[in-house]
Every structure is written in C-alpha cells, then in structure tokens.
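Residue numbers (our numbering): 78 to 455. The structure appears right after this line, and notes come after that.
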Amino acid sequence: MARKRNPNGAGSIWQRKDGRYEARVYVPQPDGTRKRKTVYGATWEECDAKRQELVRRDRQSIPTPTRSAKLSEWLPYWLEQFVKDDRKKTTYAKYETHVRLYLIPNIGTKRLENLGAADVRRMLAAVSAKASPATAKESHRVLRSALSAACREELISRNVVKLVPAPRVEQRELKPWDLEQTTVFLESARGDALYAAFVLAVALGLRRGEVLGLRWSDIDLERRTLTVRNQIQRVQNELYADSTKNRRSRVIPLPLMCVPPLRWQRLRQAAQRDMAGAEWQGSDYVFTTRTGRTVEPMNLSRSFQRITAAAGLPRIRLHDARHGCATLLFAAGVPARVVMEILGHSQIAVTMNIYTHVSDEHRREAMGHMDRLLKRTK
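Right under this line is the structure:
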C-alpha cells in the first residue's frame, strides 16, 4: 500500500541508493530565516520520526539550525527574541552593550556547539584587561543567560559558561555621609528648586528614578503616606516612565520633615504653571521643569553634586544617599525587614550586605560592650 503524501510544509521522505532513508524539511533558523534541514534513518519509520520532530519544532517556532550557529548570529537573535520584550529597557540596553562591545568581538566567530571553557576564560581575561573585572563579570552573566536560552531551545546540550567562575570583584567601599554631614547638605540645598527631591532621597532612600517618577496622586499629605509605583529612566535617546526596579509598588510613611518641602513644591509648581500658560506640558509629576516637562535624571545628579561641592562635603553619588538612609535607619534600631521594605529590595541579603555601613562610633560602642562583659571582677 502506498504511503500518503505529506502535506505542504511537512517535508518529504525518499530512499537513497545506499538503502537509507532521507527527509528534508524547511525549518526556522536562529537569525529568523528559513532553511532546509536534512535527516537520515536506517528505516522509513526512523526517518519519519525525525521528520515529525522537525515539523513539531517548526510549528512551535523553535529554531533548528542547519549548522551550529555562530555566537555572532545567536546573540543578536537572543536579544531580540528573548530579552527585548521580556526584560526592562535598561536591561536590554545593558545586555546589548556587552554583546556588541565584548562578546561578539572576542568570541563571535565561535559556533555554539564548539564554544569551550577555555574560550570563555580568554574572553573574560580580554574584557578584564580592556575594561575592568566588574565589566567582565557582567559579560559572564550575559553570556551565561544567552547560552541557557540556547540550551532550552535544544541548540546545545550544555552551558559551558557555568563551568567557568566569574571574575572576582572587590566590593567598592561605601562611605556615606554621617548624620552631621547629611544635615549640612540639607541646609545647603534648602534654596534649590529640587530641595524637596533631595529630602525624599535622603530621608526615604528613594532611587533617583523613583524620586522623579513620583506623581501627586502617589502622595497623601494628610495621612502622610507616599506610594512608590514608577520610575523615570533614560535609555539612549529615550526618556520614559517604567515600573520600579523589582516591578512592585510600596507604601512608605512620610516623616514630618518631608511634608513642608512637598507643600512648598506644590505651591512652586502651581506658580510655574500659571507663568508658563499655554506652554505648560500637563502632567501629574511632582518634579517638573519650568514648562511641566519631566526632569532629566542626570540633571538631578548634577544639582546634587553642585550643592555637595558648595557645602564642602565629601563627594558621593546621589545613590550613596540611599546607602546613608539605610545606615541611619539601622543605627536607630529599625529592624532589617522594615528597612528592606522601605528601600524596596527584593531580598533582605541586599539590604544587609550592601546598603549598611558600620561607622567607627558603632564599632567602638560594640567593643565597649565586650569590655564590660569580659572585664574581670576584682
């Protein structure tokens, strides 16, 4: 009995002169094109099973390379198909930078199935020399994620990056301002147009983007609460509103010291709106330019640095004020879990390991307790 002809797109099978069976099916490639894939079998049934598997992958849009793809082919495909729509724009931009500047130039000619641990080690050494160990560590993470996706797509059987440890990076020593220095900064910033923004960054530990992403609808001055829902980010040439870093909103009780600056900001913004007239760009953001536009994140940082220099304070990043907030909260005896919720961390380990700084005074006080405990009774 003659076998039925396969439908269009399902490939075809025939017997070769050597007795084996051969099937060919058009399948999607990692770069988005379609090419013909050939499989063989000792029997018609064996060959047909392989053909059906190719058809199944095709219908599920799973790439089946006719040859092992090069990293220079797979990495851009991975960025577009696996990262662009599923991750934040900032994450995509960071990954794209590592792929373009470090991964493709160093290992782009290697094919997925031929990439070895030695190739990964050489790449990491090259990136460490060209940029820094911290950059090489991030490139390691990006490549590991890209090859994990290739494993899930059954393009390779193992992820060789997992066999190579990431470079060790010395943690940057954080030296946030102490209480007196923080007070000096706030006094110096009192006359600045962004004074209320600096108060929120220092007192609540808000991220720069979270401060600029605040809307008046997020603030209840009567109940003294503030809800962090969004952040303002600039990626390349685009300024846009995004969800918070961990995609969760959080409600923070407002200290009394934050209420007057916010009331002043509301009055100041209303005056600017009246002065701008038809030029005002309507929005509900708390911090805007003279015409109601969103404030550039870098402009907030520049103002912070300008005030810091004028006050004669040690130079720190605006983000370091967030570290200082955590340190002051811990010094006041606030439980770690509460500090984690205020700062918006997804894991308490981040709060404990990165955002706390133990001052000399606290170390001296701790050892003073040891003095009393172990002091011999005369």
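Virtual Cβ for every residue (Gly too), placed ideally from N, Cα, C.
Kindly indicate which residue of the options has the alpha-carbon position closest to the one of residue i.
| i | options | result |
| --- | --- | --- |
| Asn314 | Thr167, Lys161, Arg134 | Thr167 |
| Arg300 | Glu287, Ala278, Pro330, Arg285 | Pro330 |
| Leu251 | Tyr103, Arg392, Ala409, Val102 | Arg392 |
| Pro242 | Leu156, Ser216, Gln258, Leu316 | Ser216 |
| Arg327 | Val197, Ala388, Glu173, Glu418 | Glu418 |
| Thr259 | Asp297, Arg340, Gly389 | Gly389 |
| Arg235 | Leu189, Arg414, Lys214, Ala213 | Leu189 |
| Arg340 | Leu277, Cys402, Glu173 | Leu277 |
| Asn191 | Arg229, Val237, Glu231 | Val237 |
| Val279 | Lys214, Thr366, Gly401, Pro412 | Gly401 |
| Arg97 | Phe275, Pro374, Glu122, Ala403 | Glu122 |
| Leu232 | Arg370, Ala409, Pro105 | Pro105 |
| Trp254 | Arg292, Leu405, Asp95 | Leu405 |
| Gly290 | Val312, Pro374, Cys228 | Pro374 |
What do you get for residue i, buried or exposed, if any count of 16 or more other CB atoms within 10 angstroms of its CB means buried?
| i | result |
| --- | --- |
| Asn376 | exposed |
| Lys135 | Before going on, a small fix: residue 135 reads as Asp here, not Lys. Buried: at least 16 other Cβ atoms inside 10 Å. |
| Met200 | buried |
| Asn85 | Only weak support exists for where Asn85 lies, its pLDDT of 48 falling under 50; the value from the coordinates is given anyway. Exposed, by the Cβ-count rule. |
| Gly52 | Any question about residue 52 goes unanswered here, given that the chain covers just 78 to 455. |
| Thr385 | buried |
| Met352 | exposed |
| Lys114 | buried |
| Thr120 | exposed |
| Ala195 | exposed |
| Ser265 | buried |
| Leu240 | exposed |
| Gln137 | exposed |
| Thr368 | exposed |
| Leu281 | buried |
| Pro140 | buried |
| Ala223 | buried |
| Val176 | buried |
| Glu287 | buried |
| Pro412 | exposed |
| Ala387 | exposed |
Using the C-alpha atoms, what's the distance from residue j back to residue i?
| i | j | result |
| --- | --- | --- |
| Ala348 | Ala398 | 30 angstroms |
| Asn323 | Tyr169 | 15 angstroms |
| Asp295 | Asn307 | 10 angstroms |
| Arg93 | Glu99 | 7 angstroms |
| Val219 | Leu283 | 27 angstroms |
| Leu180 | Gln248 | 24 angstroms |
| Ile309 | Val372 | 9 angstroms |
| Val261 | Ser209 | 35 angstroms |
| Ser89 | Tyr117 | 12 angstroms |
| Val160 | Ala211 | 22 angstroms |
| Ile425 | Val416 | 9 angstroms |
| Lys112 | Ala126 | 20 angstroms |
| Gly463 | Lys147 | Residue numbering for the chain in the displayed model covers 78 to 455; residue 463 lies beyond these limits and cannot be assessed. |
| Arg343 | Leu256 | 28 angstroms |
| Ala355 | Arg325 | 36 angstroms |
| Pro244 | Thr428 | 23 angstroms |
| Cys124 | Thr321 | 51 angstroms |
| Val246 | Ala226 | 26 angstroms |
| Arg350 | Leu316 | 22 angstroms |
| Arg128 | Arg221 | 31 angstroms |
| Thr302 | Glu173 | 38 angstroms |
| Gly185 | Ala318 | 34 angstroms |
| Leu263 | Ala213 | 38 angstroms |
| Glu157 | Leu131 | 23 angstroms |
| Phe407 | Arg414 | 11 angstroms |
Helix, strand or coil: which one does DSSP assign to residue i?
| i | result |
| --- | --- |
| Val197 | helix |
| Glu299 | coil |
| Asn307 | strand |
| Lys214 | helix |
| Asp125 | helix |
| Glu231 | coil |
| Met78 | Only weak support is given to the placement of Met78: the predicted model assigns it a pLDDT of 41, under 50, and the value that follows is read from those uncertain coordinates. Three-state DSSP puts Met78 in coil, outside helix and strand. |
| Thr371 | strand |
| Ala119 | coil |
| Val27 | Look at the range of the chain in this structure, 78 to 455, and you will see that residue 27 is not part of it. |
| Trp254 | coil |
| Glu99 | strand |
| Ala318 | strand |
| Pro337 | helix |
| Trp357 | coil |
| Ile90 | strand |
| Asn85 | With a pLDDT of only 48 at Asn85, under 50, the local geometry of the prediction cannot be trusted, and no value is derived from it. |
| Lys166 | helix |
| Val246 | coil |
Relative to the ligand NAP, is the shortest distance from any of its heavy atoms to the C-beta of residue i smaller than 8 angstroms?
| i | result |
| --- | --- |
| Ala202 | The model depicted lacks the ligand NAP and carries no ligand whatsoever. |
Is the region 320 to 338 close to the region 357 to 370, with three or more CB pairs under 8 angstroms?
Of all C-beta pairs linking the region 320 to 338 to the region 357 to 370, fewer than three are shorter than 8 angstroms, placing the two stretches out of contact.
Taking contact to mean at least 3 C-beta pairs separated by less than 8 angstroms, is the region 377 to 386 in contact with the region 264 to 283?
Output reads yes: the region 264 to 283 touches the region 377 to 386.
How do the region 188 to 205 and the region 159 to 166 stand: do at least 3 beta-carbon pairs fall below 8 angstroms, yes or no?
Not touching, per the Cβ criterion.
Give a yes or no on contact between the region 175 to 189 and the region 133 to 152, applying the rule of three or more CB pairs nearer than 8 angstroms.
Between the region 175 to 189 and the region 133 to 152, the count of Cβ pairs shorter than 8 angstroms is three or higher; the stretches touch.
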